[in-house]
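Below you'll find the structure, written out as structure tokens, and then a few comments.
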Amino acid sequence: MSADGEPRNERRITVIGAGLAGAVLATLLANRGWQVDVYEKRGDPRVAGYAGGRSINLALAERGRHALRLAGGDDAVMAQAVMMRGRMVHFADGRTDLQRYGRDDSEVIWSVHRGELNVILLDIAERAGARLHFDRALESVDFAARRASFRNPASDEVETVDFCSLVGADGAGSSLRAAMARETDLGERTEYLGHSYKELEIPPAQDGDFRIEPNALHIWPRGRYMCIALPNDEHTFTVTLFLPNEGEPSFASVRTGADARALFERDFGDALPLIPRLEHDFEHNPTGLLATLYLERWHLRDRAVLLGDAAHAMVPFHGQGMNCAFEDCVALADHLDRESDREAAFARFQAERLPNARAIQQMALENYLEMRDRVDDDDYLLQRALERQ
Ligand code: FAD
Numbered sequence: 001m002s003a004d005g006e007p008r009n010e011r012r013i014t015v016i017g018a019g020l021a022g023a024v025l026a027t028l029l030a031n032r033g034w035q036v037d038v039y040e041k042r043g044d045p046r047v048a049g050y051a052g053g054r055s056i057n058l059a060l061a062e063r064g065r066h067a068l069r070l071a072g073g074d075d076a077v078m079a080q081a082v083m084m085r086g087r088m089v090h091f092a093d094g095r096t097d098l099q100r101y102g103r104d105d106s107e108v109i110w111s112v113h114r115g116e117l118n119v120i121l122l123d124i125a126e127r128a129g130a131r132l133h134f135d136r137a138l139e140s141v142d143f144a145a146r147r148a149s150f151r152n153p154a155s156d157e158v159e160t161v162d163f164c165s166l167v168g169a170d171g172a173g174s175s176l177r178a179a180m181a182r183e184t185d186l187g188e189r190t191e192y193l194g195h196s197y198k199e200l201e202i203p204p205a206q207d208g209d210f211r212i213e214p215n216a217l218h219i220w221p222r223g224r225y226m227c228i229a230l231p232n233d234e235h236t237f238t239v240t241l242f243l244p245n246e247g248e249p250s251f252a253s254v255r256t257g258a259d260a261r262a263l264f265e266r267d268f269g270d271a272l273p274l275i276p277r278l279e280h281d282f283e284h285n286p287t288g289l290l291a292t293l294y295l296e297r298w299h300l301r302d303r304a305v306l307l308g309d310a311a312h313a314m315v316p317f318h319g320q321g322m323n324c325a326f327e328d329c330v331a332l333a334d335h336l337d338r339e340s341d342r343e344a345a346f347a348r349f350q351a352e353r354l355p356n357a358r359a360i361q362q363m364a365l366e367n368y369l370e371m372r373d374r375v376d377d378d379d380y381l382l383q384r385a386l387e388r389q
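Next up, the structure:
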């Protein structure tokens, strides 16, 4: 029995969001014998197909793999991952240069498909004993009564459940964060980058193989803007075009498929023949906004805590948002398991992870400048060449 007289199972937790972080946290806790319920607003992607809408592949680094190993998902994820040894810089004059991330293939990153990754993580969460509830969008929370309401987007029915504590793994637009902010000031601040992105696709070659070097993260740096491409295991590449929102060129000036073709003819000449559906992709894929989310507080007493993008969404230029979210999961599971006082566990989790998240958010912002403006710079190339000797 708790201090407020309510019966409470201390090893019971309710996770909002069965995306990347939600599924990993559920697995880590269920593996330790916790009773875990996960509520996800979308349908089960294993039945309904993946309805992500955001970047199709992600760079997985050692930080993220560590969490996957602990969750027992690393082998399955690595079976569909494509190694990226370094960045392949495509200069404006058509030359290319592979800049390795490390001295050899022990220091590499991996390209993984977001949808396939999510499916693997849901499978391991379910196998570990977590209960997954799909088509349940968090709508409102009564923190005093410890009751949360979820709406089924398809039937519009509302279901209310009791909870012990809530974990917000519901992404950058977190509904749990909004509910917590109605109870207390989280010190929330969002800084928009002033640049956005659009995804395009390089399909396989006619013989079914990759069209360009598969084991690299390709970059076309062009000063104020750039393109990148990451390989997928089905021999495609997901290309992401990053442009400012204003100025020339920008998403304000490049509006149609024909505008996009003109931009690529001028600035990304060697990429253009690789993207046969450029006009279609440009006109049909959404333009994504980029922002950094800062919070001063990640938890509301012992009732709720945030992690992953819900706590610290960042711009994607270090490829660390998911990796950092996975590190959060390991830290939160450890604090929850070690500390029976739930509020103290949340406070320790925040004290450990918030400064780390801030650091990686800053590095992600700085890396945009490096990727779009420095990797083709002569001084920079000389320095890299000297480092490699
Ligand atoms: P999400 O993956 O957003 O999952 C949130 C889940 O919550 C979703 O399933 C959603 O449906 C669900 N949900 C939302 N609202 C509700 C609700 N009300 N009720 C119930 N469920 C809800 N990171 C990397 O590490 N490497 C990369 O290379 C990389 N590239 C990126 C490229 C781009 C263009 C972008 C935009 C991001 C990139 N990231 C990358 C960041 C990465 O995508 C995020 O950090 C990661 O997805 C965060 O995981 P999450 O589980 O916190 O949130």
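Letter by letter, the sequence shown follows residues 1 to 389 in the numbering used here. All residues carry an ideal CB built from backbone N, CA and C; glycine is no exception.
Hey, quick one: how far does the beta strand (DSSP E) through Tyr192 stretch, first residue to last?
The sequence position of residue 192 within the sequence shown is 192, counting from 1. Where Tyr192 is concerned, the enclosing beta strand (DSSP E) stretches over Arg189 to Ile202.
Beta-carbon proximity check, Val236 vs Pro204, cutoff 8 angstroms
Taking the first residue of the sequence shown as position 1, residue 236 is located at position 236. Taking the first residue of the sequence shown as position 1, residue 204 is located at position 204. First, the amino acid is wrong: residue 236 is Thr here, not Val. In terms of Cβ geometry, Thr236 and Pro204 form a close pair [threshold 8 angstroms].
Which runs of the alpha helix (DSSP H) spanning at least 4 residues fall entirely within the region 264–319, listed in chain order?
With a minimum length of 4 residues, the continuous alpha helix (DSSP H) runs that stay inside the region 264–319 are 278–284 and 309–312.
Buried or exposed: which applies to Tyr39, given that a residue is buried once 16 or more other Cβ atoms fall within 10 Å of its Cβ?
Here residue 39 is taken as the residue at index 39 of the sequence shown, counted from 1. Buried, because 16 or more other Cβ atoms sit within 10 Å of the Cβ of Tyr39.
Buried or exposed: where does Val47 fall if 16 or more other Cβ atoms within 10 Å of its Cβ makes it buried?
Working through the sequence shown from its first residue, we reach residue 47 at position 47. Val47 should be labelled exposed.
Environment of Ala79 [buried if 16+ CB atoms lie within 10 Å]:
Sequence index remark: in the sequence shown, residue 79 carries index 79 (1-based). Exposed, since its Cβ has fewer than 16 Cβ neighbours within 10 Å.
Give every residue of the same chain whose Cβ lies closer than 6 angstroms to the Cβ of Leu60, excluding the five residues on either side of it in the sequence, and list them in chain order.
Position 60 of the sequence shown, counted from the start, is the residue given in the question as residue 60. If you ignore the 5 residues before and after Leu60, its C-beta comes within less than 6 angstroms of the C-beta of Trp110 and Val112, all in its own chain and listed in chain order.
From what residue to what residue does the alpha helix (DSSP H) around Val24 run?
For the purposes of this step, residue 24 is taken as residue 24 along the sequence shown, with counting starting at 1. Leu20 to Asn31 is the extent of the alpha helix (DSSP H) around Val24.
Length of the line joining the Cα atoms of Asp259 and His299:
Here the question's residue 259 lines up with position 259 in the sequence shown. Here the question's residue 299 lines up with position 299 in the sequence shown. If I take the Cα positions, the gap works out to 46 angstroms.
Can you grab the Cα-Cα spacing for the pair Asp142 / Asn356, in whole Å?
Taking the first residue of the sequence shown as 1, we reach residue 142 at position 142. Taking the first residue of the sequence shown as 1, we reach residue 356 at position 356. Each residue's Cα considered, the two are about 31 angstroms apart.
Have a look at the DSSP bridge pairing and note the partners of Arg99.
In the sequence shown, residue 99 corresponds to position 99, counting from 1. The identity of residue 99 in the sequence shown is Gln, whereas the question assumes Arg. As computed with DSSP, Gln99 is found in a beta bridge with Arg87.
Restricting to runs no shorter than 4 residues, where is the alpha helix (DSSP H) found entirely within the region 110–176?
114–128, all fully within the region 110–176.
Going by DSSP in three states, Ile219 sits in which element: helix, strand or coil?
As a working note, residue 219 is residue 219 in the sequence shown. Residue state, collapsed to three classes: strand.
Could you give the first and the last residue of the continuous beta strand (DSSP E) run that contains Tyr368?
Counted from its first residue, the sequence shown places residue 368 at position 368. Counting along the chain, Tyr368 falls outside any beta strand (DSSP E), though it belongs to the alpha helix (DSSP H) covering Arg342 to Leu369.
Buried or exposed by the 16-neighbour rule on C-beta atoms within 10 Å, applied to Val36:
Counting from 1 along the sequence shown, the entry for residue 36 is found at position 36. The residue in question, Val36, is buried, as its Cβ has 16 or more Cβ neighbours within 10 Å.
Taking 7 angstroms as the cut-off, is the beta-carbon of Ser155 closer than that to any non-hydrogen atom of ligand 1?
Within the sequence shown, the letter at position 155 stands for residue 155. Ser155: no, Cβ never under 7 angstroms from ligand 1.
List the DSSP bridge partners of Phe237.
Position 237 of the sequence shown, counting from 1, holds the residue named residue 237. Ile202 and Pro231.
Should Ile197 be listed as close to ligand 1, given that the test is whether its C-beta is under 7 angstroms from any heavy atom?
Against the sequence shown, residue 197 aligns to sequence position 197. The sequence shown places Tyr at residue 197, rather than the Ile named in the question. For Tyr197, the distance from the CB to the nearest heavy atom of ligand 1 is below 7 angstroms.
For ligand 1, is there any heavy atom lying closer than 7 angstroms to the beta carbon of Ala59?
As a first step, residue 59 is located in the sequence shown; it is residue number 59 there, counting from the start. Result yes, Cβ under 7 angstroms from ligand 1.
At the level of alpha carbons, what is the spacing between Glu327 and Gly64?
Within the sequence shown, the letter at position 327 stands for residue 327. Within the sequence shown, the letter at position 64 stands for residue 64. When rounded, the separation of the alpha-carbon atoms in Glu327 and Gly64 is 7 angstroms.
Please say whether Arg372 and Gly424 have beta carbons closer to each other than 8 angstroms?
Past the edges of the chain, shown from 1 to 389, lies residue 424, and the structure says nothing about it.
For Tyr101, which of Ala304, Met83 and Leu70 has the nearest alpha-carbon?
The count along the sequence shown starts at 1 and reaches residue 101 at position 101. Closest in C-alpha terms to Tyr101, from the list Ala304, Met83 and Leu70, comes Met83.
Hey, would you say Ile13 sits closer than 8 angstroms to Val239, going by beta carbons?
For this step, residue 13 is matched to residue 13 along the sequence shown. For this step, residue 239 is matched to residue 239 along the sequence shown. Contact: no.
Simplified DSSP assignment, three categories, for Leu390
The chain is shown from 1 up to 389; residue 390 falls before or after that span and cannot be answered.
Rounded to whole angstroms, what is the Cα-Cα separation between Arg85 and Leu230?
The residue labelled residue 85 in the question sits at position 85 within the sequence shown. The residue labelled residue 230 in the question sits at position 230 within the sequence shown. So the alpha carbons of these two residues sit roughly 12 angstroms apart.
Would you call the CB atoms of Met322 and Leu58 closer than 8 angstroms?
Reading the sequence shown from its first residue, position 322 is the one you call residue 322. Reading the sequence shown from its first residue, position 58 is the one you call residue 58. Contact: yes.
Once you ignore the five residues that flank Arg261 on each side, which residues in its own chain have a CB closer than 7 angstroms to its CB?
What you label residue 261 is simply residue 261 of the sequence shown in a count that begins at 1. Counting only Cβ-Cβ distances below 7 angstroms, and skipping sequence neighbours, we find Leu278 and Glu279.
Compare the beta carbon distance of Ile414 and Leu122 with 8 angstroms and say whether it is the shorter of the two.
The structure shown does not extend to residue 414, since the chain is modelled only from 1 to 389, so the question has no answer here.
Pick from Asp44, Ala67, Gly115 and Arg11 that is closest to Leu25, judged by C-alpha positions
Against the sequence shown, residue 25 aligns to sequence position 25. For Leu25, the closest alpha carbon among the candidates Asp44, Ala67, Gly115 and Arg11 is that of Ala67.
Give me the residue from Gly208, Leu293 and Arg342 with the minimum Cα distance to Gly187.
Along the sequence shown, read from residue 1 onward, the residue named residue 187 stands at position 187. For Gly187, the closest alpha carbon among the candidates Gly208, Leu293 and Arg342 is that of Leu293.
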